[in-house]
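S.K.:
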Amino acid sequence: MRQRVLLAGIWEQENSDFERQMDELRGLADACEMEVVDVMVQKLPRMQPASYFGSGRLLEIKERLAESEAEAVVLLHECTPSQLRNLERSLNCRIIDRTQLILQIFERRARTKEARIQVEMAMCQYELPRLMHASDHWSRQAGGRNKGKGEQQLALDKRALQRRITSLKRELAGIQEKKETQRRFRQQSPLKKIALVGYTNAGKSTVLNHLLMLSEQAKEKQVLEQDLLFATLDTNVRLIQVKGHTPFLLSDTVGFLEHLPKPLLAAFDATLKEVQKADLLLHIIDISDPQFAIKREVTIQTLQRIGCAQLPCMEVYNKVDLCSDLQEEKRNDALYISAHSEEGMRQLLTALDAWQWEDSVALSWRFAYDQQRELSSLYTYADIETRTEKENGIYLQGKLPSKRRSQFRGYECEEI
Ligand SMILES: Nc1nc2c(ncn2[C@@H]2O[C@H](COP(=O)(O)OP(=O)(O)OP(=O)(O)O)[C@@H](O)[C@H]2O)c(=O)[nH]1
Ligand SMILES: [Mg+2]
């Protein structure tokens, strides 16, 4: 059964984006399978340091809680430990702040061992300062004299939590070491590494699956795509090899969200490495979403936060099938696709080809028949367009990245 919750938030004076944020909170609650039974808002210059809401509104919320039989209050902001404790005390029910809500969604979605550890670590990191704060509170109350039982218990809990974080870190490092080896292996590959990035639910996994389908790759290679916030929590790297196009490695990863809580960004640090090491980012934007411009901006800011702002990035507007009249709005420097159909997919592949061969030269080569090793090495890096076998050798024409030219200069010949 869905948990019945009351959504509540402070509408701070300078916040012009409040309604959208509340809508998003509703979406997050939904993603956590909660039933929103009521909404309470208070307009204030800023949130109250002690109890988030003003005292009058707290009484009202208490009444509404009783009327609606809500089991918990979900807050628009991340709260301080003391705000949470005071709210819990005055409302006498469970308080879930925005960070906890997101952590709960991640907990539900985590499927692989790595994702589960990352989420648990983020939860412990969220808990720790709260526990510390509670223990400080106890120390102050005891006035440094006899340590009360409660305080001793808190100290034990704190140590247990710290030990758990250390052990999770160790376990995660083990898993990530294996992944790092795979990553290094891929790094040596001549194939370009492209990473899908974007707001959660923009359609990143669907784009990956569509390209896999065009690559005629096995069905098992497909990744999970779902109309859910944070459907993807793991990084999946796949080889995209569509006939007539240059192959590349494509990675799908966790979606972004406005004010993504710090513990989550920290715990998913290694997962985001895939993005940091990419040669190109494909920023997928859901153009059917009325809020797409804000979400695009949030993605750009998140990329800055994780140190990826300098990477080349191509913007891809997705879900055009859901928009009726886009013609006038279309930008020349962006791509428009529908990952649900063929629309724009070939243009996307052509644009990726152009990017891959942007810094390349068209050349001709001749190899003797006993130079097979050198010849196959050229095939690794070049896009070969023609191959002619003659008496005195094999003649080839094609494109080669400029930086590789010196390696095969000895085989260059006049045009065939
Ligand atoms: N109509 C339409 N729906 C799409 C398109 N692309 C994706 N979707 C739907 O959008 C929803 C989200 O797609 P995903 O591919 O899971 O989105 P994502 O960006 O990977 O999301 P997260 O993993 O949560 O970050 C799914 O229900 C998809 O079927 C599209 O071009 N058109
Ligand atoms: Mg996904």
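For the sequence shown, the UniProt record's numbering assigns the number 1 to the initial residue and increments by one for each residue that follows.
Even for Gly, the Cβ is constructed at its ideal location relative to N, Cα and C.
Which residue wins for smallest C-alpha separation from Leu-363, given the options Leu-6, Ile-300, Trp-355 and Arg-409?
M.R.: It is Arg-409 whose Cα lies nearest to the Cα of Leu-363.
S.K.: Rounded to whole angstroms, what is the Cα-Cα separation between Asp-353 and His-245?
M.R.: For Asp-353 and His-245, the distance between alpha carbons rounds to 7 Å.
S.K.: In whole angstroms, give me the CA-to-CA distance for residue 417 and Arg-159.
M.R.: Past the boundaries of the shown model lies residue 417; the chain is included only from 1 to 416, so the question cannot be answered.
S.K.: Quick one: what's got a C-beta closer than 8 Å to Ile-175's C-beta in the same chain, skipping five residues either side?
M.R.: So the list reads Lys-113, Glu-114 and Ile-117, once near-sequence residues are dropped.
S.K.: Does Met-1 pass the burial test, meaning 16 or more other C-beta atoms within 10 Å, or should it be called exposed?
M.R.: The residue is exposed, with fewer than 16 neighbouring Cβ atoms inside 10 Å.
S.K.: Can you find a heavy atom of ligand 2 that lies under 6 Å from the Cβ of Lys-204?
M.R.: Within the cutoff, so yes.
S.K.: Of the choices Leu-84, Ile-306 and Phe-230, whose alpha-carbon is the least far from that of Ala-29?
M.R.: Nearest C-alpha to Ala-29: Phe-230.
S.K.: Which parts of the region 289 to 373 are runs of the alpha helix (DSSP H), unbroken and 4 residues or longer, counting only runs that do not cross its ends?
M.R.: Those alpha helix (DSSP H) runs which fall completely within the region 289 to 373 and span 4+ residues are 292 to 305 and 345 to 356.
S.K.: Between Ala-334 and Ile-284, is the Cβ-Cβ spacing less than 7 Å?
M.R.: Cβ atoms of Ala-334 and Ile-284: not closer than 7 Å.
S.K.: Less than 7 Å between the beta carbons of Val-5 and Val-74, yes or no?
M.R.: The answer is yes: Cβ separation under 7 Å.
S.K.: Comparing alpha-carbon positions, which option in Leu-131, Leu-250, Ile-337 and Lys-193 lies nearest Gly-150?
M.R.: Looking at the Cα atoms, Leu-131 is the closest of the given residues.
S.K.: DSSP state of His-210, grouped into three classes?
M.R.: Helix, per DSSP.
S.K.: Tell me the DSSP secondary structure of Glu-107 in three-state form.
M.R.: Residue state, collapsed to three classes: helix.
S.K.: Excluding the 5 residues preceding and the 5 following Glu-297 in the sequence, name in chain order all residues of the same chain whose CB lies nearer than 6 Å to its CB.
M.R.: Correct list: empty, nothing qualifies.
S.K.: Under the rule that 16 or more other beta-carbon atoms within 10 Å means buried, what is Tyr-199, buried or exposed?
M.R.: Buried.
S.K.: Using the beta-carbon count (16 or more within 10 Å), is Gly-56 buried or exposed?
M.R.: It counts as exposed.
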